[in-house]
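Chains as they are written, first to last, in full-length UniProt numbering: chain B, 1 to 210; chain Y, 1 to 210. Notes follow once the structure below has been shown.
Protein chains: 2
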Amino acid sequence: MQLEFSLKVDGPDPGTQRPGGRTERIRTAVVAATRAELVAHGYAALTVERVAETAGVAKSTVYRRWRDTTGLLTEMLRELVKNEVPLPATGSIEEDLRELARGIFHVYADPVTRDMVLGLIAAAVHEPRAAQALHDFFHIRNVQAAESVQQAIERGQLPADTDPVEVIRALGAPLYYRLLVTHEPIDESIAEHAALAALAAARAGVHRIR
Amino acid sequence: MQLEFSLKVDGPDPGTQRPGGRTERIRTAVVAATRAELVAHGYAALTVERVAETAGVAKSTVYRRWRDTTGLLTEMLRELVKNEVPLPATGSIEEDLRELARGIFHVYADPVTRDMVLGLIAAAVHEPRAAQALHDFFHIRNVQAAESVQQAIERGQLPADTDPVEVIRALGAPLYYRLLVTHEPIDESIAEHAALAALAAARAGVHRIR
């Protein structure tokens, strides 16, 4: 429920008002085309024109709703994560964070998705539009995932001045560090370790609002 | 002292036995040429031949001592970090970790160095030789930096089964996460926060050897 709400308020019209309607069919086709183009040709070849053609949608429609490649990438990332990394709400902050971290690991356990997302992250080092898409996507996603931390704060299980988004950043960072920087392997246990470290630092009052 | 030792045992002959001698002059010229080539043309154009030519050193010498671009990059990264991120030994684990994290931040505060290193990290997503260089460099560097954590364990300031390298990974990861993934800014206070979070998790016994 929360994800749908955020998509509505934060993004270009995703057509969720009429699931199964024409708006939603266009969105689905455009997201699939963006992903297919990235997998086949990488970020360097990604254009609104190619996505429109692959999706069988008028260019003007794609421009109007997503504006540029940043808009297309942000929408594609949201869809990817909505389907593959559901937001947990187990009632236990430790379980929620473990599950979230395992979900991130599983995105990168699939070689096609891994190459696509890491390729986008690589492109973003040089391409401001790709960087903007990552920034926008992770901003929205990390705020959504932080809801679980917020609830733990409200239950009195974490210090009242904990910064919920910082806990989420801390949970994801060690996985990306290994994937991108040290090129060390990741697995479920490393993901869970990242979750527990984020939680321990939060409990110690380090991840407080500054 | 420890760094010199590690360079001797782990790497291709760095010529440290005769500082100021011909071996060391060649090494210095090759490191400078590798860096200059990367800054000017990026990883895609980096070859042993170009580095040898820029350095004014025989190709055969560069091949014999560094083998390929992986060897050149690993050596260049070591030199960069040896000069710009000294290993602290203040006697306080908290101060050491803060200083180390600030040192990482300062590498990326310089736009030329930042573009060069992030460009290399981006290239490594697609280029196994660049990935190997990062892996080799960070392995050596993180083991060296972990010496400070090891000493804190021996002083009884951290749990006896703490994994020293994991503490160092945890310290660096949040900075790279912002630089590469979320494209959020970094500063000294974010670096110190990363150090304190790594330390808090270590104190809580999360960064233990598994």
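Ideal Cβ positions, reconstructed from N, Cα and C, are used throughout, including at glycine.
As assigned by DSSP and simplified to three states, the class of Y:T90
Note: Y:T90 maps to coil in three-state DSSP.
Please name the residues in the segment 156-180 of chain B whose beta-carbon is closer than 7 Å to at least one beta-carbon of chain Y, in chain order.
Result list: R169, A170, G172, A173, P174, Y176, Y177 and L180.
Nearest-angstrom Cα distance between B:A36 and Y:D161?
The alpha-carbon atoms of B:A36 and Y:D161 are separated by roughly 47 Å.
I'd like the span of the alpha helix (DSSP H) that includes Y:Q144, first residue to last.
Unbroken alpha helix (DSSP H) run through Y:Q144: P128 to A145.
Compute the distance between the beta-carbons of B:V167 and B:A198, then report whether it is under 7 Å.
Contact flag set, yes.
Measuring straight from C-alpha to C-alpha, what distance separates Y:R169 and Y:G205?
Near 15 Å, if we compare the C-alpha coordinates of Y:G205 and Y:R169.
In this structure, how does DSSP classify Y:R22 when only helix, strand and coil are distinguished?
Helix.
Check each residue of the segment 90-120 of chain B: if its Cβ is closer than 7 Å to any Cβ of chain Y, include it; give the result in chain order.
Contact residues of the segment 90-120 of chain B toward chain Y are L118 and G119 (C-beta to C-beta distance below 7 Å).
Would you say B:D136 and B:T74 are within 7 Å of each other, going by their C-beta atoms?
Yes, they are a contact pair.
Within-7 Å CB hit, Y:V206 to chain B:
The Cβ of Y:V206 sits closer than 7 Å to at least one Cβ of chain B.
Could you check which residue in Y:L80, Y:L97, Y:E95 and Y:L87 has the C-alpha nearest to that of Y:D110?
With respect to the C-alpha of Y:D110, the residue from Y:L80, Y:L97, Y:E95 and Y:L87 having the closest C-alpha is Y:L80.
Is it the case that the segment 98-110 of chain B contacts the segment 46-60 of chain B, given that we only count it when at least three CB pairs across the two stretches are under 8 Å?
The segment 46-60 of chain B is not in contact with the segment 98-110 of chain B.
Cβ-based burial, Y:A55 [other Cβ within 10 Å; buried from 16]:
Buried, by the Cβ-count rule.
Between Y:A201 and Y:H207, is the Cβ-Cβ spacing less than 7 Å?
Yes, Cβ-Cβ distance for Y:A201 and Y:H207 is below 7 Å.
According to DSSP, simplified to helix, strand and coil, what is B:G205?
Three-state DSSP puts B:G205 in coil, outside helix and strand.
Rounded to the nearest angstrom, how far is the Cβ of Y:L134 from that of Y:I121, given a contact under 8 Å?
Going by Cβ atoms, the distance from Y:L134 to Y:I121 rounds to 7 Å, so yes, they are a contact pair.
I'd like to know whether the C-beta of Y:A45 is nearer than 7 Å to at least one C-beta of chain B.
It does not: the Cβ of Y:A45 has no partner Cβ on chain B nearer than 7 Å.
For the segment 139-158 of chain Y against the segment 139-153 of chain B, do three or more pairs of beta-carbon atoms, one drawn from each stretch, fall closer than 8 Å, so that the two count as touching?
Per the Cβ contact rule, the segment 139-158 of chain Y is not in contact with the segment 139-153 of chain B (fewer than 3 Cβ pairs under 8 Å).
Near B:V57, what residues of its chain come up, given a Cβ to Cβ distance below 7 Å and the 5 sequence neighbours on each side ignored?
The residues I26, A29 and V30, in chain order, have a CB closer than 7 Å to that of B:V57 in the same chain once the five nearest residues on each side in sequence are set aside.
Got a sec: does the ligand SAM put a non-hydrogen atom nearer than 6 Å to the Cβ of B:T23?
The ligand SAM is absent from the structure shown, which contains no ligand whatsoever.
Measuring CB to CB, does B:V39 end up less than 7 Å from B:V107?
In this structure, B:V107 does not lie closer than 7 Å to B:V39 by Cβ.
Listed by chain order, chain Y residues near B:L196 by CB distance under 9 Å:
The contacting residues are A201, A204 and V206.
Minimum Cβ-Cβ distance from Y:L134 to chain B less than 7 Å
Contact with chain B is found for Y:L134, since one of that chain's Cβ atoms lies less than 7 Å from the residue's Cβ.
When DSSP labels each residue in this structure, what does Y:T182 get in the three-state scheme?
In the structure shown, Y:T182 sits in a helix (DSSP, three-state: H, G or I).
Closest residue to B:G42 among B:R67, B:A123, B:L97 and B:I186 (Cα-Cα distance):
Taking the Cα of B:G42 as reference, the smallest distance to any Cα among B:R67, B:A123, B:L97 and B:I186 is reached at B:A123.
Determine whether the Cβ of B:H183 lies closer than 7 Å to any Cβ atom of chain Y.
Interface residue (Cβ-Cβ distance to chain Y less than 7 Å): B:H183 is classified as such.
For chain Y, find out if any of its Cβ atoms is closer than 7 Å to the Cβ of B:V125; answer yes or no.
Judged by the 7 Å Cβ criterion, B:V125 is in contact with chain Y.
is_contact[B:A33, chain Y] using C-beta, thresh 7 Å:
No, B:A33 lies away from the interface with chain Y (no Cβ there is under 7 Å from its Cβ).
Reducing DSSP to helix, strand and coil, say where Y:A47 ends up.
Here residue 47 of chain Y is Thr; the residue named in the question, Ala, does not match the sequence. Assigned with DSSP and collapsed to three states, Y:T47 falls in coil, not helix or strand.
Look at the alpha carbon of B:P128 and the alpha carbon of Y:S60, and state the distance between them as a whole number of angstroms.
Here the alpha carbons of Y:S60 and B:P128 stand approximately 40 Å from one another.
Taking 8 Å as the limit between beta carbons, can you name the residues of its chain near B:S6, skipping five residues before and five after?
Residue placement at B:S6 is poorly supported in this model, since its pLDDT is 35, which falls under 50; the coordinates still yield a value, given next. Only I140, V143 and Q144 meet the Cβ criterion.
Unbroken alpha helix (DSSP H) run spanning B:S173, endpoints:
According to the sequence displayed, residue 173 of chain B carries Ala and not Ser. Note, B:A173: alpha helix (DSSP H), P164 to Y176.
Does any residue of chain B have a CB that is nearer than 7 Å to the CB of Y:A130?
Not a single CB atom of chain B sits nearer than 7 Å to the CB of Y:A130.
Status (buried if at least 16 other CB within 10 Å, exposed otherwise) for B:T90:
Label assigned to B:T90: exposed.
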